[in-house]
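Working notes, beginning with the structure itself.
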Amino acid sequence: MPINPVFLNGKWLSIDQAMISPLDRGFLFADGCYEVIPIYNQKVFRLSDHLQRLEYSLQSLGIDSGYSNKDWVELFSHLVKQTDDKNYKSYIYLQITRGVESKRDHIVKEAIVPTVFCYAENTATLNDLPEAISVTLQEDIRWHRGDIKAISLLGSVLARRQAMDEGYDDCIFYRDNEIVESSSSNLFIVEGGVVKTPPLSNWLLGGITRLVLLELLEKYRIPFSVEPISVEQLHHASEIWLSSSIKELIPVRQIDGQLISNGEMGEVLKKIWDCWRQYIHSYSENQIESKLT
Ligand code: PDD
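Whatever position you read off the sequence shown (first residue = 1), add 1 for this note's numbering.
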């Protein structure tokens with residue numbers, strides 16, 4: 002549940018007062034993008050990376066938000082103040098759509114102002130590694146621009162729902178026998194002691210958690226490789242985990258009913274989880290909330 006007040010088009014409102022026109026292109030065409038930015042101990046996590054990705058999404062959609070990085074920082078610092086210090090981990094949700102038009106039309110023929118919606122939400126306290134999940138493999142039915150953090154998430158929503166209807170927690174997408182990512186997270190495997198993750202492309206989102214994990218693998222000299230991963234490699238992996246801003250690292254225990262390493266928690270994941278925790282701890286202690294790093 003968003004913490005009140007939320008930010009909508011320059012105003013701070015309670016969530017039930019925040020109204021959007023049905024002619025908003027986000028509502029009519031899913032014409033917009035979003036960001037999910039963690040806050041640790043009231044410090045915005047990897048702000049410059051998230052703003053860079055936001056800019057990439059906006060540019061890819063040809064939307065000029067009218068907000069500068071300074072404006073975002075100012076807005077986020079208001080949201081950060083709302084978050085609960087005791088709660089420790091929270092996140093910012095930011096959504097920008099192309100705006101409201103006077104009549105539904107695929108092509109915008111008038112000058113419209115983007116809709117900007119933003120709020121903070123508290124989640125759990127800093128916790129242990131999330132429980133391991135079971136996943137199913139599914140052919141990737143999503144569009145060809147997974148690199149844009151677009152609000153049009155129907156492909157992911159349908160895939161996840163199908164996975165859950167079949168008794169799994171989530172799905173992992175493949176395309177032409179190559180593993181892509183999960184419905185709302187990136188993916189890592191361990192093969193022969195080497196951590197592997199698929200390279201960035203138009204098929205998947207450049208996750209900020211993925212980016213930080215790659216930096217940590219490098220820093221702690223854990224062997225890793227960014228390379229295509231086949232469906233067969235996934236099935237033979239000794240460890241698999243997912244990564245995202247909200248869930249951080251999520252161990253995968255089972256694929257299509259097949260246990261990975263007898264369902265035991267992997268040694269490499271244990272190590273990277275410790276590195277991650279340490280990183281988050283020092284980040285939240287040392288960074289000032291509005292600093293662009
Ligand atoms: N999802 N891939 C997809 C398709 C995602 O939706 C996400 C994030 C990621 C991981 O990106 P990051 O590490 O920057 O969170 C990868 C967010 C959390 C969501 O939609 O709620």
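Beta carbons are placed, not taken as given, at the ideal position from N, Cα and C, and that holds for glycine.
Residues near residue i in its chain [Cβ-Cβ closer than 7 Å; skip 5 each side]
| i | result |
| --- | --- |
| Val195 | Pro224, Phe225 and Ser226 |
| Ser244 | Ser186, Asn187, Phe189, Gly208, Thr210, Arg211, Leu214 and Leu250 |
| Trp1 | No answer is possible for residue 1: it lies beyond the span of the chain, which begins at 2 and ends at 294. |
| Tyr221 | Cys276 |
Beta-bridge pairing of residue i - partner residues as DSSP gives them
| i | result |
| --- | --- |
| Ile190 | Lys197 and Ile241 |
| Leu9 | Lys12 and Phe118 |
| Gln96 | Tyr35 and Phe118 |
| Asn123 | Ser91 |
| Arg176 | Glu179 |
| Ala151 | Cys34 |
| Ser135 | Gln255 |
| Glu140 | Tyr175 |
Residue i burial status per 10 Å Cβ neighbour count (16 or more: buried)
| i | result |
| --- | --- |
| Trp242 | buried |
| Ala160 | buried |
| Ala112 | exposed |
| Asp85 | exposed |
| Val101 | buried |
| Lys297 | Since the first residue shown for the chain is 2 and the last is 294, residue 297 is missing from the structure and cannot be characterised. |
| Gln18 | exposed |
| Val114 | exposed |
| His51 | buried |
| Ile108 | exposed |
| Lys150 | buried |
| Arg99 | buried |
| Gly27 | buried |
| Gln83 | buried |
Beta-carbon proximity of residue i to residue j, cut-off 8 Å
| i | j | result |
| --- | --- | --- |
| Ile16 | Val136 | no |
| Glu179 | Ile134 | no |
| Ser66 | Leu59 | yes |
| Arg47 | Glu36 | no |
| Leu297 | Cys276 | This structure gives no information on residue 297, because the portion of the chain shown stretches from 2 to 294. |
| Glu140 | Tyr169 | no |
| Glu219 | Pro200 | no |
Integer Cβ distance of residue i from residue j, believed to fall under 8 Å
| i | j | result |
| --- | --- | --- |
| Val117 | Asn10 | 6 Å |
| Arg105 | Leu155 | With a Cβ gap of about 18 Å, Arg105 and Leu155 do not count as contacting. |
| Trp144 | Val181 | Going by Cβ atoms, the distance from Trp144 to Val181 rounds to 12 Å, so no, they are not a contact pair. |
| Leu206 | Asp148 | 6 Å |
| Leu303 | Ala121 | Beyond the ends of the chain as shown, which are 2 and 294, falls residue 303; an answer cannot be given. |
| Ser246 | Pro39 | 5 Å |
| Gly33 | Ile93 | With a Cβ gap of about 16 Å, Gly33 and Ile93 do not count as contacting. |
| Val45 | Phe8 | Incorrect: roughly 15 Å between the Cβ atoms, too far for contact. |
Beta-carbon contacts of residue i that lie in its chain and below 8 Å, excluding the five residues immediately before and after
| i | result |
| --- | --- |
| Pro131 | Lys248, Glu249, Leu250, Ile251 and Pro252 |
| His237 | Glu192 |
| Arg254 | Ala133, Ile134, Ser135, Leu260, Ile261 and Gly264 |
| Ser157 | Arg143, Ser184 and Ser185 |
| Glu286 | Asn42 |
| Gln234 | Ile180, Ile190, Glu192 and Lys197 |
Residues near residue i in its chain [Cβ-Cβ closer than 6 Å; skip 5 each side]
| i | result |
| --- | --- |
| Glu240 | Val191, Gly267, Val269 and Leu270 |
| Thr294 | The predicted model places Thr294 with a pLDDT of 45, which falls under 50 and marks its position as unreliable, so this point remains unresolved. |
| Asn70 | Leu52 |
| Ser22 | Val101 |
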